[in-house]
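Colleague: Okay, here's the structure, questions in a sec.
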Amino acid sequence: MGKDVIVACDFASKEDVFKFLDLFTDEKPFVKIGMELFYAAGPEIVREIKKRGHKIFLDLKLHDIPNTVKKSMAVLSKLDVDMTNLHASGTIDMMKAALEGLTRPDGSRPILIAVTQLTSTSEERMKNDLLIDAPIDEVVMHYAKNASVAGLDGVVCSPLEAEKVHKTCGDNFITVTPGVRFADGDVGDQVRVMTPEQAKKIGSDYIVVGRPITAADDPVAAYKRCVAEFVD
Ligand code: C5P
77 MGKDVIVACD FASKEDVFKF LDLFTDEKPF VKIGMELFYA AGPEIVREIK KRGHKIFLDL
137 KLHDIPNTVK KSMAVLSKLD VDMTNLHASG TIDMMKAALE GLTRPDGSRP ILIAVTQLTS
197 TSEERMKNDL LIDAPIDEVV MHYAKNASVA GLDGVVCSPL EAEKVHKTCG DNFITVTPGV
257 RFADGDVGDQ VRVMTPEQAK KIGSDYIVVG RPITAADDPV AAYKRCVAEF VD
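For the sequence shown, the working numbering gives the first residue as 77, with consecutive numbering after it.
Encoded structure:
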């Protein structure tokens, strides 16, 4: 599995994202487009960024009845994204339907990964709000296993969970890990963080890095540093 750094382009408008991407002249980073930018700029933003030669992780975290997810995934597949995701809590049937929708007539499809439990969901909230009594790490591994059973390629998880996910679901099951910070950088609102170098050591397949690159004085240098620490 090719290790890569995915830059979280959490911008509110097309102008802001292009101003950022224009800084990159030699490199073509793999970019993550989230709900904010997608809802503000529409599907056209995906086509335009793709046209510039970037790979795209479309982070829309689908969760609906299997038929709706299947049809929506077919639309995303036509947008030619390279990676997309859904909530594993939508059930194994929903995940299987998503894969069907995502698969193009020639058999190719974008990488499909699952969100297990959001990092904003604490064990206490899971228990009180969702009536899930099992320990959160058990729930995360169970959802990862479900994703694997459904045929998905991997999960989004904390870098701290990546090792266990690989042990549970196999080395080829992809771990995409946000919560990455440079050793000398600001942690911001992320709680459990790892450096790109540590993420590489514990076996993350992709790291998702936002503000350490987008808010850096020199974003291109910060991106190159991430690649040097994580990939090279
Ligand atoms: O700026 P920062 O590096 O914290 O950005 C991390 C990106 O990864 C953001 O787009 C955030 O929404 C996403 N993410 C996360 N934690 C998760 C899932 C996604 O930080 N558990």
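Positions of the beta carbon are idealized from the N, C-alpha and C atoms, including for glycine. Just so we're clear, the structure is a prediction, and the values are computed from it rather than from any experiment.
1. Spatial neighbours of A292 within its chain, please: CB distance less than 6 Å, with the 5 preceding and 5 following residues excluded, ordered by chain position.
2. For the alpha helix (DSSP H) holding G177, just list the boundary residues, first then last.
3. I need the straight-line Cα distance from V215 to I208, nearest angstrom please.
4. Assuming D229 and I187 form a contact by the criterion Cβ under 8 Å, report the distance between their Cβ atoms to the nearest whole angstrom.
5. Have a look at V252 and A190 and give me their C-alpha separation to the nearest angstrom.
6. Drop a sphere of 10 angstroms on the beta-carbon of G177, count the other beta-carbons inside from all chains shown, and report buried for 16 or more, exposed for fewer.
7. Return the bridge partner residues of N161 from the DSSP annotation.
8. Return the chain-ordered list of same chain residues with a C-beta closer than 8 Å to the C-beta of V145, the five sequence neighbours on each side being excluded.
9. With V256 and T192 assumed to form a contact (beta carbons below 8 Å), what rounded beta-carbon distance in angstroms separates them?
10. By DSSP, does D140 sit in helix, in strand, or in coil?
11. Among T101, E305 and Y115, whose alpha-carbon lies nearest the alpha-carbon of D86?
12. Which residues share a DSSP beta bridge with K108?
13. Indicate, with yes or no, if the ligand C5P has a heavy atom lying under 7 Å from the CB of P235.
14. Taking 8 Å as the cut-off, decide whether the C-beta atoms of F106 and V122 are in contact.
15. Any beta carbon from chain C within less than 8 Å of A88's own beta carbon?
16. Along the beta strand (DSSP E) that carries I283, what are the first and last residues, could you check?
17. Check for me: the beta strand (DSSP E) holding V232 runs from which residue to which?
Modeller: On the basis of the supplied data:
1. Here residue 292 refers to the residue found at position 216 of the sequence shown. Excluding sequence neighbours, A292 sits near A298.
2. The residue you call residue 177 lines up with position 101 of the sequence shown. I168 to L178 is the extent of the alpha helix (DSSP H) around G177.
3. Numbered from its first residue, the sequence shown carries residue 215 at position 139. Numbered from its first residue, the sequence shown carries residue 208 at position 132. Their backbone Cα atoms lie some 9 Å apart in a straight line.
4. Here residue 229 refers to the residue found at position 153 when the sequence shown is read from its first residue. Here residue 187 refers to the residue found at position 111 when the sequence shown is read from its first residue. That pair is a contact at about 5 Å.
5. The count along the sequence shown starts at 1 and reaches residue 252 at position 176. The count along the sequence shown starts at 1 and reaches residue 190 at position 114. Each residue's alpha carbon lies about 10 Å from the other.
6. The count along the sequence shown starts at 1 and reaches residue 177 at position 101. It counts as buried.
7. Here residue 161 refers to the residue found at position 85 when the sequence shown is read from its first residue. In the DSSP output, where bridge partners are listed per residue, N161 has I189.
8. Walking along the sequence shown from the start, residue 145 turns up at place 69. So the list reads L138, H139, L162, G166, M170, A173, A174 and G177, once near-sequence residues are dropped.
9. Within the sequence shown, residue 256 is the residue found at index 180, counting from 1. Within the sequence shown, residue 192 is the residue found at index 116, counting from 1. That belief does not hold up - the Cβ atoms of V256 and T192 are roughly 18 Å apart, past 8 Å.
10. The residue you call residue 140 lines up with position 64 of the sequence shown. DSSP places D140 in coil when its eight states are reduced to three.
11. Numbered from its first residue, the sequence shown carries residue 86 at position 10. Selected option, being the one with the closest Cα: Y115.
12. The residue labelled residue 108 in the question sits at position 32 within the sequence shown. Paired residue(s): A84 and F133.
13. Residue numbering aside, residue 235 sits at position 159 when the sequence shown is read from its first letter. Not under cutoff, so the answer is no.
14. Your numbering for residue 106 matches position 30 in the sequence shown. Your numbering for residue 122 matches position 46 in the sequence shown. Their beta carbons are not under 8 Å apart, which means F106 does not touch V122 by this criterion.
15. This model lacks chain C altogether; it includes just one protein chain.
16. What you label residue 283 is simply residue 207 of the sequence shown in a count that begins at 1. Residues Y282 to V285.
17. On the sequence shown, position 156 is the one that residue 232 refers to. From DSSP, the beta strand (DSSP E) with V232 extends over G230 to V232.
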